[in-house]
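This report refers to the structure that appears directly beneath it.
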Amino acid sequence: MYHVEETIGVRYMEAGTIIRKSKEYIEKHIDEVLTVAKIAGTVGYSEYHFSRIFRQETGVSVMEYVKSEKLRRASGDIRNGAKIVDTAVKYGWESHNGFTKAFKKEFGYCPALLRAMVMSMKQLGGKNMNEGMTGRPEEHAEKQMLFEKLKERVLTLNPEEDVRNLEQIYLYACQIYQGMKRYSGDEYITHPLHTALLLADMEAEPETILAGLFCDALKKTEATMKELRKYLPEKTADLIEAKAAEEADMETDLLEQVTLLRLAERLHNMKTIEWIDEEQRKKRAAETMEIFLPLAEKTGNHEIAEELKTLAEENL
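So this note's numbering is basically just the index in the sequence shown, starting at one, shifted up by 233.
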């Protein structure tokens, strides 16, 4: 009986060493193409035997573990300011969309929400944020310059984007906001353009970026949902309608995109807060924090949530 227990103990230690060494190899080479054969070879076992030991000891397959580790590392990179599209390529995903689906399955929220959190904290003056974020256009830039920047960023995210359609939607946005001015004296259309640019920087979905061009159209203009649906993609129109309705009970994917839309609009409003009176400034700061705090908790940024509370106290 003693001999059997000793033998089992030795085998267990051998298995433990195999797992430890294989995990060390995976961690060291996480941004490379990893296969079961390559990992098994580093510990001197066949694919079959190594796979069996790995699942028995960890409860998951080798490649499930690799995928999870790649996503965990990718999440850290995004938290430190990396772009989603660059991060996806770095860790072996062939498309932005494929990476987004895998990320959401792993963590329960889309990577654009995490990037939005990072960008938001940087813009609001949080101390935790990396400085390597995308440069923002000058606040009082002309609308055409802002649109050219938007077009450039949309094409970077999706080279197959229909540029002509994007231009037509932009011209429609200019039409419905025509003659309106911001408190700063800038043409009002620059606010939706800045909102759309922020969404592009967050690497939101194309339909969400388009919705940014109409972020407050139902509230500030004479446009109706019936009219908007004539000119806009269905998903974009759905987002605009859902944002205006301000309903808490909506499908998860739609809620995430609406949250991004609200967040981008609030961020630009906070940037131009100097042009409004004290009462409106406090109101905007409070509304912004109402969006940020639950988002910080959802994305696991508990330290950032605490920092947000501090920022709120400074602004209120």
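Every residue, glycine too, gets a C-beta built ideally from N, C-alpha and C.
Delimiting residues of the alpha helix (DSSP H) encompassing residue i
{"i": "Met458", "result": "Met458 to Tyr464"}
{"i": "Lys338", "result": "His329 to Phe340"}
{"i": "Lys452", "result": "Ala450 to Lys453"}
{"i": "Gln289", "result": "Glu280 to Thr291"}
{"i": "Gly325", "result": "Here Gly325 belongs to no alpha helix (DSSP H), and DSSP marks it neither H nor E."}
{"i": "Glu484", "result": "Element bounds for Glu484: n/a, residue is neither H nor E."}
{"i": "Pro392", "result": "Pro392 -> no alpha helix (DSSP H), and no H or E assigned at all."}
{"i": "Ile473", "result": "Glu467 to Ala478"}
{"i": "Gly445", "result": "Pro439 to Gly445"}
{"i": "Gly274", "result": "Val269 to Thr275"}
Three-state secondary structure (DSSP) of residue i
{"i": "Gly420", "result": "Checking the displayed sequence, the identity of residue 420 turns out to be Glu instead of Gly. Strand, per DSSP."}
{"i": "Lys376", "result": "helix"}
{"i": "Lys316", "result": "coil"}
{"i": "Gly249", "result": "helix"}
Among the options, the one whose alpha carbon lies nearest that of residue i
{"i": "Tyr405", "options": "Asp471, Glu260, Ala456 and Lys261", "result": "Ala456"}
{"i": "Asn313", "options": "Ser353, Gln289 and Gly445", "result": "Ser353"}
{"i": "Thr423", "options": "Asp434, Arg253, Leu432 and Tyr410", "result": "Tyr410"}
{"i": "Ala450", "options": "Lys337, Thr485, Val293 and Met413", "result": "Met413"}
{"i": "Phe340", "options": "Ile311, Asn330 and Arg305", "result": "Arg305"}
{"i": "Leu443", "options": "Gly418, Leu383 and Asp419", "result": "Leu383"}
{"i": "Lys376", "options": "Leu430, Met350, Asn330 and Trp326", "result": "Leu430"}
{"i": "Gln289", "options": "Val269, Leu379 and Gly249", "result": "Gly249"}
{"i": "Ala497", "options": "Asn391, Ile473 and Met435", "result": "Met435"}
{"i": "Thr492", "options": "Thr291, Cys448 and Leu465", "result": "Cys448"}
{"i": "Ile259", "options": "Ser279, His329 and Phe287", "result": "Phe287"}
Anticipated Cβ contact below 8 Å, residue i with residue j, distance rounded
{"i": "Tyr342", "j": "Glu247", "result": "Between Glu247 and Tyr342 the Cβ distance is about 40 Å, and since that is not below 8 Å, they are no contact."}
{"i": "His501", "j": "Thr428", "result": "5 Å"}
{"i": "Thr275", "j": "Lys300", "result": "Contact flag wrong, Cβ pair sits at about 18 Å."}
{"i": "Lys303", "j": "Ile263", "result": "6 Å"}
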